[in-house]
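Chains as they are written, first to last, in the UniProt record's numbering: chain A, 1 to 291; chain B, 1 to 291. What follows is a short report on a single structure.
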């Protein structure tokens with residue numbers, strides 16, 4: 001029995017096939033070009049595996065997740081050229097008539113982390129997963145399920161208190177200027193300093209500023225969901241950066257609620273090699289098969 | 001068959017008994033003094049009703065909601081004098097041996113509103129209820145259930161973007177200074193203007209500033225939960241104020257996600273006379289009885 005995973009990012013697609021233990025048997029990565037060409041590449045990959053039983057798709061968004069919507073399974077009003085109103089699930093189903101679980105990229109990662117903790121005999125009821133890279137998003141597993149009635153969470157676009165040393169920066173979000181993504185995503189390093197984030201040493205004060213914003217985001221989801229863990233992944237995340245986030249989190253929250261040991265609460269992903277979404281997709285594919 | 005409700009506020013207790021249609025048969029209100037005296041008054045009230053089958057309690061907090069905790073049913077580290085570490089549920093159960101549903105004051109109100117929509121043939125999957133008065137809190141019904149693993153939500157204490165005309169105000173939250181409660185709760189009128197909120201005309205610009213913060217809070221819960229409705233109650237709420245909140249919400253969210261008609265999305269409570277928590281408690285009492 002094999003399960004499929006499509007991690008559909010705005011830059012690249014990662015497709016994988018795994019066995020019933022969610023071990024990857026084969027995987028392929030290709031750039032996200034136009035919808036039809038890109039989805040055809042995914043279909044071609046999966047057609048090699050006649051034992052494939054179901055597919056989990058974790059897609060960039062926004063996407064339509066309401067099952068009673070005519071556009072269920074679509075990528076909706078995305079700024080990604082060519083992809084607005086793409087019937088992602090419908091197109092895949094036409095060629096691969098299999099059960100499909102459809103969710104957001106960050107939900108896929110959140111579910112993969114949630115599942116990995118379960119595998120490690122440390123089951124969690126709830127977990128928030130932030131990705132901080134080109135953009136910022138968050139997936140949430142609450143009581144073992146995803147959150148969202150009229151749509152999926154979009155936690156990259158909340159507003160925050162300004163760091164006193166960052167008052168002059170207007171933010172880079174085309175929708176909101178200085179929302180979380182506008183203040184703390186990877187490209188804000190270049191916007192502030194003229195240098196890409198990977199070239200800015202962690203000793204640079206901008207890292208403290210970014211950590212201040214990420215800590216506020218973590219406080220928001222702490223106070224909203226009271227999760228057992230907040231996982232921070234994406235290109236900006238590192239253990240050194242997370243230590244800065246924990247410091248700001250502690251100061252800003254001021255022990256108002258208890259979250260236990262911060263080193264165990266705000267953490268890096270435990271699935272190696274950015275593989276959280278793939279594992280999550282396998283587990284969600286199995287869910288689609290059995291439900 | 002009768003159900004009981006205790007709406008336990010920091011200032012007053014409202015106890016009520018209702019029939020199986022959740023119509024109030026009798027109710028009483030008394031000030032919140034010391035725990036034993038106050039809880040005894042509640043017990044004396046309920047002891048008049050031998051047909052009482054279960055009680056819903058919506059309490060000020062923070063409270064312990066984890067059923068596996070030794071302190072389940074306690075008011076925990078509250079600043080309210082005398083009430084820290086009060087075994088609320090245990091004390092009630094000793095005299096009235098009935099099934100009890102235990103939750104926060106705002107969750108009780110959220111559940112009452114959620115239930116009232118169901119009664120009006122407009123069932124909702126999810127709803128956020130803010131109370132904005134002496135303090136700020138939010139209750140959440142998601143997929144018909146409450147949110148929270150290691151505790152209950154505490155959404156009054158999130159950080160926000162400052163209104164440009166409010167830069168000099170330091171906020172009044174003893175824990176956080178300028179969190180939502182520190183910037184937008186009722187007492188901030190007095191702190192800013194020297195006049196109590198009820199004496200400040202809605203034309204005063206401070207109302208726009210408060211609306212700006214409440215709108216950001218509503219955006220946070222919109223992007224976190226994607227609820228079908230955000231109800232705003234408490235002493236600060238009015239239809240005129242909510243119109244200001246909607247205006248700011250629209251500008252700040254900038255149509256990033258769709259929430260439908262704002263007049264139907266950000267709304268006043270539909271249960272009359274601040275009765276949301278009582279109705280919610282009756283429904284939760286019935287839940288405690290049947291589960």
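Note that the Cβ used here is the ideal one computed from N, Cα and C, for glycine as well.
- Secondary structure within the stretch 202-231 of chain B: not one fully enclosed beta strand (DSSP E) run of 3 or more consecutive residues is present.
- With respect to the C-alpha of residue 45 (chain B), the residue from B:142, B:18, B:102, B:205 having the closest C-alpha is B:18.
- Residue-level contact check: residue 125 (chain A) touches chain B, since one or more beta carbons of chain B fall below 8 Å from its beta carbon.
- For residue 246 (chain A), no CB of chain B lies under 8 Å from its own CB, so it is not counted at the interface with that chain.
- Between residue 257 (chain A) and residue 154 (chain B), the gap from beta carbon to beta carbon is short of 8 Å.
- Cβ neighbours of residue 253 (chain A) within its own chain (closer than 6 Å, five residues either side excluded): 219.
- By the neighbour-count criterion, in which 16 or more other beta carbons inside 10 Å mark a residue as buried, residue 107 (chain A) falls on the buried side.
- The CB of residue 220 (chain B) comes closer than 9 Å to the CB of 155, 158, 159, 220, 224 in chain A, given here in chain order.
- Comparing alpha-carbon positions, the option among A:151, A:135, A:187 lying closest to residue 233 (chain A) turns out to be A:135.
- Look at the stretch 253-272 of chain B: the residues with a C-beta under 9 Å from a C-beta of chain A are 253, 254, 255, 256, 257, 258, 259, 260.
- The stretch 103-120 of chain B makes no contact with the stretch 208-223 of chain B; the number of CB pairs closer than 8 Å stays below 3.
- The C-beta distance from residue 262 (chain B) to residue 216 (chain B) rounds to 15 Å, too long to meet the 8 Å contact threshold.
- Rounded to the nearest angstrom, the gap between the Cα atoms of residue 142 (chain A) and residue 190 (chain B) is 39 Å.
- By the criterion of a C-beta distance shorter than 6 Å, residue 231 (chain A) is surrounded in its chain by 113, 129, 267, 269, once the five residues flanking it on both sides are discounted.
- Within 7 Å of the CB of residue 227 (chain A), the CB atoms of chain B belong to 149, in sequence order along the chain.
- In this structure residue 278 (chain B) is in contact with residue 5 (chain B), their Cβ atoms being roughly 5 Å apart against a cut-off of 8 Å.
- At a cut-off of 8 Å between beta-carbon atoms, residue 178 (chain B) makes contact with chain A.
- In the DSSP assignment, residue 114 (chain A) falls within the unbroken alpha helix (DSSP H) covering 105-119.
- By the CB criterion at 8 Å, residue 259 (chain B) and residue 209 (chain A) fall outside the cutoff.
- At least one beta carbon of chain A lies nearer than 8 Å to the beta carbon of residue 142 (chain B).
- In chain order, 253, 254, 255, 256 make up the part of chain A whose C-beta sits under 9 Å from the C-beta of residue 175 (chain B).
- Residue environment analysis places residue 227 (chain B) among the buried positions, since at least 16 neighbouring C-beta atoms fall within 10 angstroms of its C-beta.
- Within chain B, not a single residue places a beta-carbon under 8 Å from that of residue 48 (chain A); the smallest gap is close to 37 Å.
- Within the same chain, Cβ atoms closer than 8 Å to the Cβ of residue 47 (chain A) are found at 95, 96, the five residues on either side in sequence being excluded.
- Residue contact check for residue 34 (chain A) against chain B: no CB pair falls below 8 Å.
- Exposure of residue 264 (chain B) is indicated by the presence of fewer than 16 other C-beta atoms within 10 angstroms of its C-beta.
- Residue 17 (chain B): not part of any alpha helix (DSSP H); member of the beta strand (DSSP E) spanning 12-18, first to last residue.
- Here DSSP, grouped into helix, strand and coil, assigns residue 138 (chain B) to strand.
- The beta carbon of residue 152 (chain B) sits closer than 8 Å to some beta carbon of chain A.
- Our two residues, residue 173 (chain A) and residue 167 (chain A), have alpha carbons roughly 16 Å apart in a direct line.
- The alpha-carbon separation between residue 235 (chain B) and residue 133 (chain B) amounts to approximately 5 Å.
- The closest CA to that of residue 1 (chain A), considering only A:186, A:43, A:36, A:49, is found on A:49.
- Within its own chain, no residue has a Cβ closer than 7 Å to the Cβ of residue 238 (chain B) once the five positions on either side in sequence are excluded.
- The C-beta of residue 192 (chain A) comes no closer than 8 Å to any C-beta of chain B.
- If you look at residue 72 (chain A), you'll find it isn't in any beta strand (DSSP E); DSSP assigns it neither H nor E.
- Between residue 10 (chain B) and residue 32 (chain B), the beta carbon gap of about 6 Å places them in contact (Cβ cut-off 8 Å).
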